[in-house]
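Reading through the structure tokens given below for one structure.
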Amino acid sequence: MTIQHELRPGVVAADRMMAGIAGIGVYLPQRRVDPWETLAPAGGLDPEKPGLKQYLGCWSVPLANEWDSPSSMALAAARDALREAGIAPVEVDVVISNNITSDYLDWQMSGYIADALGADATTFDIYAGCNSTGLAHQAALDILAADSSVNTVLVALAEHLGGGTFPQFIGDGACAWVLQRGCSQLVTQAWLNINDATPRLGVLRDGGVAHPFTATTSFDGEWQDNVEFSVEDYRRKLKPIFVDMCASPFLELCELSGQDPTSFDQLFIVHQQRGFNAKIVQRLGLPASITPLDCIEDMGHISGFDVMIDLKRSIAEGRIRRGNKLALLVFGLGELFCFSLVY
Amino acid sequence: MKIDGLTLGGVGRFLPCHLAAVTVPTMPDPVMVPAAGSEDLPYAMATTAVRDALLQAGRDVEDLNGQYLLVCNEGPGDYLFQLAGRMVLDDLGVGRAHTYSFTQGGNSAVFALYLLACHLANNPDAQRGVVLATQHWKYHSVGRRLGDAALGDGAAAALLERGGAGPRLMAISASSEGQFHDIVYSEVGGWAVPMTEDPCRNGRFVYRVHNERAARFVRAVTVERADAVIARAMDDAGIGWDSVDAVVLDTATPDIAEGFARRFPIGRHRLITPGLGHAWLCSAGIMFALARLLQEMSVPHLEPTLHGGSHVLVISLGIDANWAAAVMEV
Chain A
1 MTIQHELRPG
11 VVAADRMMAG
21 IAGIGVYLPQ
31 RRVDPWETLA
41 PAGGLDPEKP
51 GLKQYLGCWS
61 VPLANEWDSP
71 SSMALAAARD
81 ALREAGIAPV
91 EVDVVISNNI
101 TSDYLDWQMS
111 GYIADALGAD
121 ATTFDIYAGC
131 NSTGLAHQAA
141 LDILAADSSV
151 NTVLVALAEH
161 LGGGTFPQFI
171 GDGACAWVLQ
181 RGCSQLVTQA
191 WLNINDATPR
201 LGVLRDGGVA
211 HPFTATTSFD
221 GEWQDNVEFS
231 VEDYRRKLKP
241 IFVDMCASPF
251 LELCELSGQD
261 PTSFDQLFIV
271 HQQRGFNAKI
281 VQRLGLPASI
291 TPLDCIEDMG
301 HISGFDVMID
311 LKRSIAEGRI
321 RRGNKLALLV
331 FGLGELFCFS
341 LVY
Chain B
1001 MKIDGLTLGG
1011 VGRFLPCHLA
1021 AVTVPTMPDP
1031 VMVPAAGSED
1041 LPYAMATTAV
1051 RDALLQAGRD
1061 VEDLNGQYLL
1071 VCNEGPGDYL
1081 FQLAGRMVLD
1091 DLGVGRAHTY
1101 SFTQGGNSAV
1111 FALYLLACHL
1121 ANNPDAQRGV
1131 VLATQHWKYH
1141 SVGRRLGDAA
1151 LGDGAAAALL
1161 ERGGAGPRLM
1171 AISASSEGQF
1181 HDIVYSEVGG
1191 WAVPMTEDPC
1201 RNGRFVYRVH
1211 NERAARFVRA
1221 VTVERADAVI
1231 ARAMDDAGIG
1241 WDSVDAVVLD
1251 TATPDIAEGF
1261 ARRFPIGRHR
1271 LITPGLGHAW
1281 LCSAGIMFAL
1291 ARLLQEMSVP
1301 HLEPTLHGGS
1311 HVLVISLGID
1321 ANWAAAVMEV
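If you read the protein sequences in the order shown, they are chains A and B.
Per our numbering, the very first residue in the first sequence carries number 1; after that it's consecutive.
Per our numbering, the very first residue in the second sequence carries number 1001; after that it's consecutive.
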């Protein structure tokens, strides 16, 4: 386990200036659906089951229109982020995107975005799911800390898996944020990454090297419809520990960095079911009001960058003030992150 | 970026023992490439390469706990949509670690070293990291061809460590040209062509060149574009061309190698082009080249002759429009 303490001045001397989030951009498709009418039936969810609607806590989900590609959504979010930051594209040195659900597999969405913006930037794409938010943010922070020639990093992520119900209502959208050397807002003070051996619950049997596609391959739907997932293994191996698992990065970060969990003003958590997120907060011994559970109501879960969307929204709605201490709890594909920031 | 205190502990490799013949238009004879057998799955090859790197460095698998493993993501792994690094770490028996896969194109090991160096610079608790690339192209390429390259199978792992007695990493620089983002990729599996039965049954789930015009353009200008990246790396390392003793240039294209030899002031005998006329192993290729170079450095009658204090320039460039250059002192 490792933890990043507050950037230590003097380790790389003058290069170790603070790097804050200068702007956050969001793109959510205008098309919205009632998940209980549109998504719940396919997911086998019974809206009449007592307490279920309240537990999921989601009433509206943005779903991509036909023209909303991952790259177009990410680009829109990137423009929004740069506009909010007051930064010209030419100032961007590095662009980081994600590409499990990009326009094409193994495609350089980051390169597309850099080109579309007119940025002369080094680009790369992180191959991950919801955890790409944590990985990208961590990579951006490390690049800025280590490479004095880099002053501005743009993270632009998108997800286009909406319409599913596993195990929360899933929407589509994109989020981008700009980290800039010398920016004094939303400075990451410390972070913790937990990537450990976890139960393997699902596998897509065909398509990889072990069982390649052939001329007789047969399946319905798309790849996400064909993942062989063991519900039994989930219930037996993961469900009993999942709340603790999701709460652990925050607790470990606090312990290792000497921070009091109750000293945080807001905690942003990747959207799961409303009831589940409330359990995480309860497990942390914190009041429910510390996390904006209501943000799940009209978004569902899009990706790990739910936390950044909620952060932007909280700033816009005046839920947080300058000087507030914030935490971002991100998890996906078995990997967990916690970042502590000061607004 | 200038780099302090990081050395190459070892470069582990795995090459299958089978061969396959690939016809490449720019080559007079078929290129013989290593071809994975039925037991040589990507994760298994990768695990072997990592173990090999650890062995060279005198390290145990436990020494990867809490450390870094970065995976250059090109070809598919054993199964799709898995985090290859985590799969390999699980197979090795490593617990907590920092690992992710990233895509930059088809030749990103040097850039991976840059990322790893950034992570290690900012994490005083970590001592080492691995850059890993594993290749298996029998089922996910067009006849094992990618542009001028004949794709081979295998895996390589470069272990970078804090301190140590191995070759010292002095500087790395990188650049990209976003307008060429659509040259190589897998058509099927994203938003544009969802992974449904039809394209998968009809052989479209392959990694190949899609934008031929852009590929030709990049091939024509890639040496010129490498100029600035190389200059930055050498500047950060504080060396000039007169101090460069060997250049490792991983390219499958004869014109590129010739263009490089014409453009830069390095004698032809000091230019090492392992990919030329041989198998192309994408990001693993340059690590193989590095491993071979370091292995041969003590053999005096083989040119280039390297000795302690020699400077090696390692350059990756390809048709994915990303360039990276690293300066090492062996």
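Cβ atoms here follow ideal geometry from the backbone N, Cα and C, with glycine treated the same way.
These numbers come from a predicted model, not from an experiment.
- The beta carbon of T123 (chain A) sits closer than 8 Å to the beta carbons of V94, V95, I96, S97, Q108, S110, G111, I113 and A114 from its chain, once the five residues preceding and following it are set aside; these are given in chain order.
- When the Cα atoms are used, G162 (chain A) and V33 (chain A) turn out to be separated by approximately 11 Å.
- In the three-state reduction of the DSSP assignment, I309 (chain A) falls in the helix class.
- In the structure shown, M1328 (chain B) falls within a strand segment according to DSSP collapsed to helix, strand and coil.
- For L1294 (chain B), the enclosing alpha helix (DSSP H) has its first and last residue at C1282 to E1296.
- With distances taken between CA atoms, Q1179 (chain B) lies nearest to B:D1320 out of B:D1320, B:G1037, B:A1044 and B:G1285.
- The shortest CA-to-CA distance from H1119 (chain B) to any of A:A116, A:A139 and A:E84 is the one to A:A139.
- Interface flag for N193 (chain A) against chain B is set, since a Cβ pair is found closer than 9 Å.
- G208 (chain A) reaches chain B at P1076, G1077, D1078, Y1079 and L1080, counting residues in chain order whose Cβ is nearer than 7 Å.
- Within the region 1012-1083 of chain B, the complete alpha helix (DSSP H) runs of at least 4 residues fall at 1042-1056.
- The beta carbon of D1090 (chain B) sits closer than 9 Å to some beta carbon of chain A.
- Apart from the 5 residues on each side of it in sequence, H1136 (chain B) sits with its Cβ closer than 6 Å to the Cβ of A1036, P1042, G1075 and D1153 in its chain, given in chain order.
- If you draw a straight line from the Cα of D265 (chain A) to the Cα of G275 (chain A), it comes to about 21 Å.
- The beta carbons of G207 (chain A) and M1195 (chain B) sit closer together than 9 Å.
- The straight-line gap separating the alpha-carbon atoms of W223 (chain A) and A1155 (chain B) is approximately 27 Å.
- DSSP places M1234 (chain B) in the helix class (H, G or I) of the three-state scheme.
- The region 289-302 of chain A and the region 143-154 of chain A do not touch, with fewer than 3 CB-CB distances between them shorter than 8 Å.
- Taking CB atoms only, R236 (chain A) has no neighbour in chain B less than 9 Å away.
- Between E1161 (chain B) and A1057 (chain B), the beta carbon gap of about 7 Å places them in contact (Cβ cut-off 8 Å).
- The criterion of a C-beta distance shorter than 9 Å is satisfied by L326 (chain A) and L186 (chain A).
- Bridge partners of W1323 (chain B) according to DSSP: B:S1175 and B:L1317.
- Near chain B, meaning a CB-to-CB distance below 9 Å, the residues of the region 221-232 of chain A are G221, E222, W223, Q224, N226 and V227.
- Counting only runs that start and end inside the region 188-246 of chain A, the beta strand (DSSP E) elements of at least 3 residues fall at 202-204 and 227-229.
- Segment contact: the region 256-265 of chain A against the region 313-326 of chain A, three or more CB-CB distances shorter than 8 Å; contact assigned.
- Selection B:E1039, B:P1254 and B:R1096 evaluated against Q1067 (chain B) yields B:R1096 as nearest (Cα-Cα).
- Interface annotation, N1202 (chain B): in contact with chain A, CB-CB separation under 9 Å.
- Here G1166 (chain B) is buried: its Cβ has 16 or more other Cβ atoms, across all protein chains shown, within 10 Å.
- Excluding its 5 nearest sequence neighbours in each direction, A1049 (chain B) has C-beta neighbours in its own chain below 6 Å: G1012, R1013, F1014, A1155, A1156 and A1157, listed in chain order.
- Looking at the DSSP output, E159 (chain A) sits in a beta bridge with A:G173.
- It is roughly 28 Å from the alpha-carbon of L1317 (chain B) to the alpha-carbon of C1017 (chain B).
- Distance from the CA of S1283 (chain B) to the CA of W36 (chain A), rounded to the nearest whole angstrom, comes to 46 Å.
- From the listed residues B:L1055, B:D1236, B:H1311 and B:V1088, the smallest Cα separation to Y1100 (chain B) is found for B:V1088.
- DSSP places I21 (chain A) within a strand segment (E or B) once states are collapsed to three.
- Q168 (chain A) sits in coil when the DSSP states are folded into three classes, being neither helix nor strand.
- DSSP lists B:S1316 as the bridge partner or partners of D1250 (chain B).
- Per DSSP, the continuous beta strand (DSSP E) segment holding D125 (chain A) begins and ends at T122 to Y127.
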